[in-house]
Amino acid sequence: MNARRFVFAAGVSLATLTPSLAAAQQGPSPAPADGADTPEQRSDIIVTASKRDTTLQDATLSVTAISADTLKEANITEITGLNGIVPGLVVARSGGGERLISIRGIGSETPANANTQPGVSYHVDGVYIFNSVAANAAFIDIGQIEILRGPQGTTFGQGSTGGTINVVTNQPSTADFSGALSAGVGNYGLTKGDASINIPLGQFAVRGAVQYLKRDGYAVATGVPGTTEYDLDDQNEIGWKLAGLWQPTANFSILLNTIQYESDTNGPAQKNILDPDPDPRRLTQDYPARSIIDTELYYGVARLETDFAVIKSITSFQKLYSRQAWDADGLTADLFQRNLLGGYRPPSATTPERLGARYDHVPLWQQNTESWTQEINLASNQDGPFSWIAGGVYLWSKNSQYIVEYRSTGGDPYAPPLPVDTPFNSPLVPAITYAELSEITRNAYAGYVEASYSLTDALNLTAGIRYNHDEYTGVSDTIGGGPTLTSGAYLQPTQSPGLTTGKWTGKAAIDYKWTPDNMVYFSFTRGFKPGGLNASASNAAPQLLGFANGIRPTYAPESVDSFELGSKNSFGGDTVTLNLSAFYYDYKNLQFLEEDAILFGEGISNAPSAEIYGIEIEGAWRPDDHWSLEGTASFTRGKFNADYLALDPAEAALAQYAAGYFGVGEFFANFFPASLARDSARENINGNNVPKIPKFQGSTTLGYVDTLGAGVLTSKATLIYRGEYQYRLYNNSAVDITPDYLQANLFVQYQPNNSNLSFSLSVTNLFDEAGINSRFSDPYGSAQTSDTFIPPRQVLGSIGYRF
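The sequence shown begins at 274 in my numbering and counts up one residue at a time.
Right, here's the structure in full:
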């Protein structure tokens, strides 16, 4: 870390600790003058993600709430923008438009595999979202975003080994007619608009919202035929929401909601680390990437409040359509042909120069996901020392996937993907390097109960338990190196081995309030993520060949035992908050995407054991009605602590080529010795760093509000630091280190008195830092490594109107 970053790290730590020092000096805050607004009270923020409404400061777990205002000020339009401002959270962009979300190093290490479950469960208004690509969807009509850190063993169970993110949208209200309009323009051709309206109709209310965003690309590909600059990292999306509420009585309501989102872009910029152009925003690529994403979410909530309990039913139906295409080699044909992993063999005294593939393109990665959920829960509604919640959940999803990849020295590098019904004997089939057609169905159900008992007014005990049951069934077929069929379509999915898992998880906690505003808690939680099927596994061939290691048809569940000690504190009449947490994880069977000794046998394996530990700090100080200082910081470490011989795709290819078996044809012509060569590249991961854990990351924000002329001026300056981390568990020093970056943002808003208008200006990435969001090593195809960058300097001017 250089001097600038060291100073910033020290500054963030000081900012988060300042509130406690200030509280000791200032004592109680004076009462505000008549008519003056009090500073924002963080303890009044209500969080709902734990399924029992509670204030931020009373929640006995590590939770961060990001308001809609904060999203606006930082021009955050989707989840990647949360990097650095939430302790322990890393959102890494991956291939195929994915977002890999990790909290405290636990998330997803299975990129481009839609049939696995995430380690951080993603929700919209409490509804579980199945597919990680759907996390791209814009934040539409947001109230706040809640990030629960650590395993949520009782109320969420499976899929939340790392934590839970809940996007809370604004809901209809029978109280007032209201609405908002906003329009903005910025550099890179940015145009942005959103509108919302709430209409009360007696016992009914309707709320609608729409959001539009269009922007030119932050980056360009320079080798695409027909253009010298092909836009990448562009945005072209529209989303809308419509909700209806019926509330005939104070204790009964039915809410119906739909959120729709469409995105049609040229895809993300993924710059190969071998790209000779030093400009991070210019990519020497020759294939026109594309990305189309459509999501549909429908859900209904029925709520009945009785003297005994609040009964809630949540039903949802979801659809996702995703169609991606990208340049898998990340280079032009000439550059890739001489790349070692493309198959280049340098000349020797006895062997002439051998040129490998000229391109590796993925013209299609298509997903169609349908799913629905049903949850019923009851939460106690009586005063007294005992409170509880109990519920049952059913989840069903079906994910259909079709992948086509071409890698060749000849042929048409821009060939379209073959139709699914292409016959086996078509002359076009041999040109395919890899293809997959699969359909995986998941059925899951769970039951849970959690209860709290107050031994005294200050001492409280909490315990919960959950049973998770998952069943996977499916059909799949893959080809690589040529088909072996004699009739019918070139891909013919057959039944995969089924998998059933069952797991008990839960939580036990104790909390103590030594004052009404100061609390300490200790918790033990067990998190769980189900196992699953390897659709492209090599059907146990590694075992048949006598290999001790290799991809199996199924992979095991992963689990984590979490121990956390935390403290929530408010001082000086809530003008100061300081929240601290320290945690230790015992992590078992981490699921990760691994290469196989047999070509095209990639799949998911389990790393046996790791430990993760760290400290997190969140603080805020509002000494008066004008100034505010906020900060977050996290210090985290994670190591694998058991032996496992893992096979890195890049190292396997290098070993294969070093043994003289170049390309697909030479591998299959020398199947057993070529497999032995690849298998010899395995390395022990014991002692390696757990991926996606920055040793330090944090943010600090200084705000000032005051009267200026005939209005109110609000200004904020934010610094965000995201530390260096290892992208994969292989810890390959040449490709896996994702560097740190420092980002500065500014925001200014002016609101005239007695007016519904507001004028704002935001500048993100003020110093135009070419920070690397993530370093993505493609686990498939030619195993190229690419960098994805944070957005460059973005200036956005907006006009808003509320009524």
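Every residue, glycine too, gets a C-beta built ideally from N, C-alpha and C.
- The bridge partners DSSP lists for Thr-327 are Val-320.
- Residues of the same chain with a CB within less than 6 Å of the CB of Arg-631, apart from the 5 flanking positions on each side, are Ala-606, Gln-610, Thr-682 in chain order.
- The alpha helix (DSSP H) runs lying completely inside the segment 858 to 894 and spanning 4 residues or more number zero.
- Beta-bridge partners assigned by DSSP to Glu-712: Ser-673, Val-748.
- The Cβ atoms of Ser-1050 and Ser-455 lie no closer than 8 Å to each other.
- Beta-bridge pairing by DSSP links Gly-800 to Val-833.
- When the beta-carbon positions are compared, Ile-546 and Ser-1059 come within less than 8 Å of each other.
- With a 10 Å radius around the Cβ and a threshold of 16 neighbouring Cβ atoms, His-899 comes out exposed.
- The beta-carbon distance between Gln-639 and Asn-672, rounded to whole angstroms, is 11 Å. This is too long to meet the 8 Å contact definition.
- Residue pairing by DSSP places Glu-419 opposite Ala-338, Asn-439 in a beta bridge.
- With 16 or more other Cβ atoms from the protein chains shown falling within 10 Å of its own Cβ, Trp-599 counts as buried.
- The Cβ atoms of Gly-512 and Ala-407 lie no closer than 8 Å to each other.
- With respect to Gly-378, Gly-839 sits apart: the two C-beta atoms are not nearer than 8 Å.
- DSSP, read as helix, strand or coil, puts Leu-355 in helix.
- Taking C-beta separations shorter than 7 Å and ignoring five residues to either side along the sequence, the partners of Phe-450 in its chain run Asn-471, Ile-472, Pro-473, following chain order.
- Bounds of any alpha helix (DSSP H) do not take in Val-1008, whose DSSP letter is neither H nor E.
- No residue range can be given for Gly-378, since it is assigned to no alpha helix (DSSP H) and is classified by DSSP as neither H nor E.
- Closest by C-alpha distance to Asp-1009, out of Gln-591, Pro-967, Asn-443, Thr-987, is Pro-967.
- If you ignore the 5 residues before and after Pro-689, its C-beta comes within less than 7 Å of the C-beta of Pro-636, all in its own chain and listed in chain order.
- Residues of the same chain with a CB within less than 7 Å of the CB of Thr-464, apart from the 5 flanking positions on each side, are Val-458, Lys-487 in chain order.
- Here the C-alpha atom of Arg-325 lies approximately 55 Å from the C-alpha atom of Pro-696.
- Ranked by how close their Cα comes to the Cα of Ala-990, the residues Asn-356, Asn-791, Leu-902, Asn-716 have Leu-902 in first place.
- With fewer than 16 other Cβ atoms inside 10 Å of its own Cβ, Pro-946 counts as exposed.
- Minimum Cα-Cα distance from Ala-523 among the listed residues Tyr-503, Gly-475, Gly-800, Glu-510 corresponds to Gly-475.
- Ranked by how close their Cα comes to the Cα of Leu-1039, the residues Pro-1012, Phe-1020, Ser-1031, Tyr-977 have Phe-1020 in first place.
- Inclusion of Phe-873 and Tyr-1014 in the CB contact set at 8 Å is not warranted, their separation being larger than that value.
- Its chain contains Ile-339, Ile-349, Leu-362, Val-364, Ile-418, Ile-420 as the residues whose beta carbon lies nearer than 8 Å to that of Leu-355, once the 5 sequence neighbours on both sides are disregarded; these appear in chain order.
- The C-beta distance from Ile-413 to Ile-532 rounds to 6 Å, short enough to meet the 8 Å contact threshold.
- DSSP, reduced to helix, strand and coil, places Asp-607 within a helical segment of the structure shown.
- Residue pairing by DSSP places Phe-969 opposite Phe-908 in a beta bridge.
- DSSP places Glu-569 in the uninterrupted beta strand (DSSP E) bounded by 563 to 578.
- Gly-775 sits exposed, since fewer than 16 C-beta atoms from the chains shown fall within 10 Å of its C-beta.
- Assigned with DSSP and collapsed to three states, Leu-920 falls in coil, not helix or strand.
- A direct Cα-Cα distance of roughly 46 Å separates Ala-893 from Gln-674.
- The residues Gly-423, Pro-424, Gly-426, Lys-780, Ser-835, in chain order, have a CB closer than 7 Å to that of Thr-798 in the same chain once the five nearest residues on each side in sequence are set aside.
- The beta carbons of Ala-919 and Arg-951 sit no closer together than 8 Å.
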